[in-house]
Amino acid sequence: MDRLKRIILISSCSALLVGLCCFSIYLSSEEISTKVYFVSDPASANYLYFDEFDLTIFGLDRNGCTYFFLPSFIHLNRIDQSFSEKKLLSAEGELIENPPDHEQDILVDDGNGNQVPWRIAFLKSENLCSVFLDSDDMEELTRESYSPMVISVLSPDGDKILDKRNALIKTRGNATAGVEKKPYEIKFDKRTSMCGMNPSRKWVLLANYFEDTKLYNKLAFDTADLIGMDYSIESDWVDVYSNGEYLGNYLLCREPNIGKSDLDIGNLEDLNTPFWDSSRIVKSGDLKGYSYTNHVSPLSGGFLFEKISSDYYEEKKCGFSLDDYFFSVKSPNNASEEQLEYISSFTKRVDDLIRNEADDYSDVIDEYSFARRFLTEEVFFNYDAFENSYYFYKKPGIDTLYAGPVWDYDNCIGNVGGDYQNYNKSLLETKNIDERYKHPLDWDYTLYEKEPYRSYLTGVFRANLPVFRGLIDYTIDDYYGKIESSLKMDRIVWGRDQFSSHYLEPANDVRYAKFFLANRLNWLCQRWNIDAD
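Here my numbering is used: the first residue of the sequence shown is 52, the next is one more, and so on.
Spelled out as structure tokens, the structure:
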């Protein structure tokens, strides 16, 4: 039998509730109970203390109710108040045998004949790992530098699967960096596994703030993997707590990066680091990087870089521009001037051959990855396609440019206004006339005009149609079922994004996503003369 887990709940809900209330809660399906102590102290904040795990979870007072957001490993099956001086009673004055898992008006019997009203809710997640972050600097985190923190991760069953005392954290993102629910980057001193995923030194927590179902990024990552894209993003949802406060539902993953668990294509950044002087910044013409002395570094790769907008380019340390197109070099992020000149010249050659009327583009691009990345963008109707977070990579010693990994899909599947809610439109044509974007990269548009490439592309779509249909038939429902309880908690903390959601309830937005994708697939089948059945 599991050992007893003691939970202490400190509450400031009422200055009248001074004293101690003990009751037992079952924490597992094996019906093993533990005592819960309810203490009222007006000078303290509301919180739960898990003695066995040395974890604290604060309550949230919102709209006259105190919410406690519990991780997946707490099971509110039943309580025992028979030995308590203070009693938790229903609104009708009956002893509560089960703590509420929803908002509920109750009474607290203080043992002196007084019954004090209180509105309370115990909400519990299901199926997800819980990530606990502890740092003195959480409120002051920036994108520019890391701060120290302690991180613990518990499985859905309550097993501690990670405990790191020397981790680092900072905020991340572009548009999402400016919203209330911050995304984060976590860095370890060595490669570390998270929630059963392959180990890495760096991990990110995507807030998915602009996407109410919290499904779209993972759907895109997993779809890219299923249709055969190399180095697709591995991810899973988690509940995140910061210094005891519930931050919400996050998608834990590794962002596109070069490494043994990511793009294993050679690490120029590590080779550069012993000779790198961060003060020797170079900004010459179309290049941004660093100058080196007494160091002859390899030139041909590997490189990972992304097409970004001109506004975001200004913030980047390493990159290059071609005419009106801007590219940020993700790795090596300490690139030498010579390395930047090499990758810039190579990308210019790719650009020239794609625009050439002849079909010699196939000498410098990997059609396999280009077609699959484009189909992921087209099927999901991704608003950010061709403009931001549009990644490419080059392997060392190989004069071929690869597309991917796919990244940043919170603005897709019709959750952006205007033409992006019309599932009967071409993404290429929509992006080409969208005045909100200044210079979307037109490689996919130009390639699509070439009959051999278009024929190959539509063949890839036909072969992978069962994968895309699977999103509608089972994947979306399966994923939503996994995170539904967590989403309910997240919605109470952060509300809904009225600009990206169509309905008040996430379940209706999930149904809309299936509706949108079903109609989009039918339209694409008609467009490319493919039997939709």
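In this text, a Cβ means the ideal position worked out from N, Cα and C, and glycines have one as well. Computed from a prediction, not measured in an experiment: that's the story for all the values here.
Per DSSP, cross-strand counterpart(s) of residue i
i: Cys-180; result: Val-289
i: Val-380; result: Phe-356
i: Cys-304; result: Val-255 and Ser-286
i: Phe-571; result: The amino acid at residue 571 is misidentified as Phe; the sequence shows Arg. For Arg-571, which the question treats as bridged, DSSP gives no partner whatsoever.
i: Gly-370; result: Lys-339 and Ser-379
i: Val-204; result: Val-182 and Leu-213
i: Ser-141; result: Ile-157
i: Val-333; result: Gly-340
i: Gly-299; result: Val-291
i: Cys-246; result: Answer by DSSP bridge pairing: none, since Cys-246 is not bridged.
i: Cys-463; result: According to DSSP, which records beta bridges pairwise, Cys-463 is partnered with nothing at all.
i: Lys-221; result: Glu-236
i: Pro-34; result: Because the chain spans 52 through 584 in this model, residue 34 falls outside it and cannot be assessed.
i: Ala-454; result: Phe-443
i: Ile-416; result: Leu-452
i: Ile-125; result: Ile-125 is not bridged to any residue.
i: Leu-146; result: Leu-140
i: Ile-309; result: Leu-314
Residues near residue i by beta carbon distance below 7 Å, same chain, minus five either side
i: Asn-249; result: Glu-285 and Ser-312
i: Gly-209; result: Phe-124
i: Leu-538; result: Lys-265, Asn-300 and Pro-557
i: Met-245; result: Val-204, Leu-213, Trp-254 and Leu-303
Neighbourhood of residue i by C-beta distance below 8 Å, restricted to the same chain and skipping five residues each side
i: Leu-572; result: Val-430, Leu-516, Phe-519, Arg-520, Ile-523 and Ala-583
i: Val-255; result: Arg-223, Pro-234, Tyr-235, Glu-236, Ile-237, Leu-303, Cys-304, Arg-305 and Glu-306
i: Gly-510; result: none
i: Arg-194; result: Lys-221, Thr-222, Arg-223, Gly-224 and Ala-228
i: Trp-327; result: Tyr-341, Tyr-343 and Asn-385
Distance, residue j Cα to residue i Cα
i: Thr-324; j: Arg-513; result: 45 Å
i: Glu-408; j: Asp-414; result: 14 Å
i: Glu-437; j: Ser-330; result: Looking at the sequence shown, residue 437 is not Glu but Phe. Each residue's alpha carbon lies about 33 Å from the other.
i: Val-401; j: Glu-357; result: 15 Å
i: Lys-482; j: Lys-476; result: 10 Å
i: Ala-271; j: Asp-375; result: 28 Å
i: Tyr-412; j: Ile-405; result: 5 Å
i: Thr-467; j: Ser-196; result: Sequence inspection shows Val at residue 467; the Thr mentioned does not correspond to that position. Near 32 Å, if we compare the C-alpha coordinates of Ser-196 and Val-467.
i: Ser-395; j: Asn-268; result: 30 Å
i: Pro-349; j: Ser-251; result: 24 Å
i: Trp-574; j: Ser-351; result: 42 Å
i: Gly-448; j: Leu-322; result: 16 Å
i: Glu-366; j: Glu-296; result: 31 Å
i: Leu-508; j: Asp-435; result: 21 Å
i: Tyr-453; j: Asp-287; result: 26 Å
i: Asn-165; j: Tyr-554; result: 43 Å
i: Glu-82; j: Leu-319; result: Note that Glu-82 scores 41 on pLDDT, short of 50, meaning its location in the model is unreliable and no value can be drawn from it.
i: Tyr-441; j: Ser-420; result: 13 Å
Same chain, Cβ closer than 6 Å to residue i, five either side skipped, listed in chain order
i: Lys-565; result: Ile-523 and Ile-527
i: Tyr-504; result: Leu-498
i: Asp-188; result: Ser-198
i: Phe-377; result: Ile-359, Ser-361 and Tyr-364
i: Ile-278; result: Arg-423, Asn-515 and Val-518
i: Asp-410; result: Pro-503
i: Ser-379; result: Glu-357, Ile-359, Lys-367 and Gly-370
Where the beta strand (DSSP E) through residue i begins and ends
i: Ile-405; result: Counting along the chain, Ile-405 falls outside any beta strand (DSSP E), though it belongs to the alpha helix (DSSP H) covering 388 to 406.
i: Lys-241; result: 235 to 243
i: Trp-169; result: 166 to 175
i: Tyr-260; result: Unbroken run through Tyr-260: none, as it is neither H nor E.
i: Leu-111; result: 111 to 113
Contact under 7 Å by Cβ, residue i with residue j
i: Gly-317; j: Gly-353; result: yes
i: Glu-154; j: Ala-172; result: yes
i: Phe-432; j: Cys-463; result: yes
i: Met-200; j: Leu-174; result: no
i: Tyr-118; j: Ile-534; result: no
i: Val-230; j: Val-204; result: no
i: Asp-263; j: Asp-560; result: yes
i: Trp-545; j: Lys-232; result: yes
i: Cys-369; j: Lys-339; result: yes
i: Ile-147; j: Leu-139; result: yes
i: Leu-314; j: Leu-355; result: yes
Delimiting residues of the alpha helix (DSSP H) encompassing residue i
i: Lys-265; result: Unbroken run through Lys-265: none, as it is neither H nor E.
i: Tyr-364; result: 361 to 364
i: Asn-443; result: According to the sequence shown, residue 443 is Phe rather than Asn. Segment 441 to 445 is the beta strand (DSSP E) holding Phe-443; no alpha helix (DSSP H) there.
i: Tyr-8; result: Coverage of the chain is limited to positions 52 through 584, which leaves residue 8 absent and any answer about it impossible.
i: Ala-409; result: Taken as a continuous stretch (DSSP letters only), Ala-409 belongs to no alpha helix (DSSP H), as it is neither H nor E.
i: Asn-323; result: 319 to 323
i: Thr-497; result: 494 to 499
i: Ser-537; result: 527 to 545
i: Leu-508; result: 502 to 514
Min CB distance residue i to chain C below 7 Å
i: Leu-319; result: Chain labels in this structure do not include chain C; a single protein chain is all it has.
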